[in-house]
Amino acid sequence: MRGLPRDERPRLKKLVRIGTLNVGTLTGKSREVADLMKRKNIQIVCLQETRWKGENVKEIGGGVILFYKGNDGKRNGRRIAVSKALNDSVSAVRTISDRIITVRVDRKDVCWTIISVYAPQTGCSEEEKSSST
0 MRGLPRDERP RLKKLVRIGT LNVGTLTGKS REVADLMKRK NIQIVCLQET
50 RWKGENVKEI GGGVILFYKG NDGKRNGRRI AVSKALNDSV SAVRTISDRI
100 ITVRVDRKDV CWTIISVYAP QTGCSEEEKS SST
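Using numbering that gives the first Met the number 0, the letters of the sequence shown correspond one by one to residues 0 to 132.
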């Protein structure tokens with residue numbers, strides 16, 4: 000019986016670290032996020048509860064790029080921070096709803112779609128928890 004061309008699992012040449020962080024509000028903390036990413040060697044961080052309005056790409060320090068698409072600045076905003084090593088590989092950032100954001104990373108050998116979903120905390124009202132937008 001013929002096997003697959005490769006019998007063993009291929010090993011990654013470089014590990015990519017992805018994290019998530021609930022910041023409460025990003026105002027004044029963006030530099031802390033960049034420092035955390037550098038210190039812990041994290042390439043992509045999904046941020047929740049950022050409270051920033053609008054749509055933009057912003058460098059927050061240390062080569063970290065912050066992608067954000069926000070509606071109204073309420074507390075359940077989502078943002079994605081990408082390290083300098085991967086920021087040229089980001090091909091698309093999409094907001095699916097006010098709780099879901101995706102980023103597509105295209106490298107020469109692999110493509111990733113990272114999805115960040117925000118779920119309301121226990122302190123939120125039942126109306127906020129059950130809303131689908």
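Positions of the beta carbon are idealized from the N, C-alpha and C atoms, including for glycine. Bear in mind the structure is a predicted one, so any value in this text is a computation, not a measurement.
Just curious, the alpha helix (DSSP H) that residue i is in, first and last residue?
i, result
"LYS37", "29-39"
Measure the Cβ-Cβ separation of residue i and residue j and say whether it is below 9 Å.
i, j, result
"VAL15", "ILE43", "yes"
"SER90", "VAL104", "yes"
"VAL32", "PHE66", "no"
"SER29", "GLY60", "yes"
"GLN47", "ARG77", "yes"
"SER115", "ILE99", "yes"
"ASN86", "ILE64", "yes"
"ILE79", "CYS45", "yes"
Within the continuous beta strand (DSSP E) that includes residue i, where are the two ends?
i, result
"ASP105", "99-105"
"GLN47", "43-47"
"SER90", "89-96"
"ALA80", "77-81"
Per the DSSP calculation, residue i is bridged to which residue(s)?
i, result
"LEU14", "None; LEU14 has no bridge partner."
"GLY60", "VAL63"
"THR112", "ARG103"
"GLU54", "LYS68"
"ASN21", "GLN47"
Among the options, which one has its Cα closest to the Cα of residue i?
i, options, result
"ALA84", "LYS68, ARG106, ASP97 and SER96", "ARG106"
"LYS37", "ALA118, ILE17 and TYR117", "ILE17"
"TRP111", "LEU35, ASN55, ASP34 and SER88", "SER88"
Does at least one heavy atom of the ligand ATP sit under 8 Å from the Cβ of residue i?
i, result
"VAL89", "With respect to the ligand ATP, the structure offers nothing, as it holds no ligand at all."
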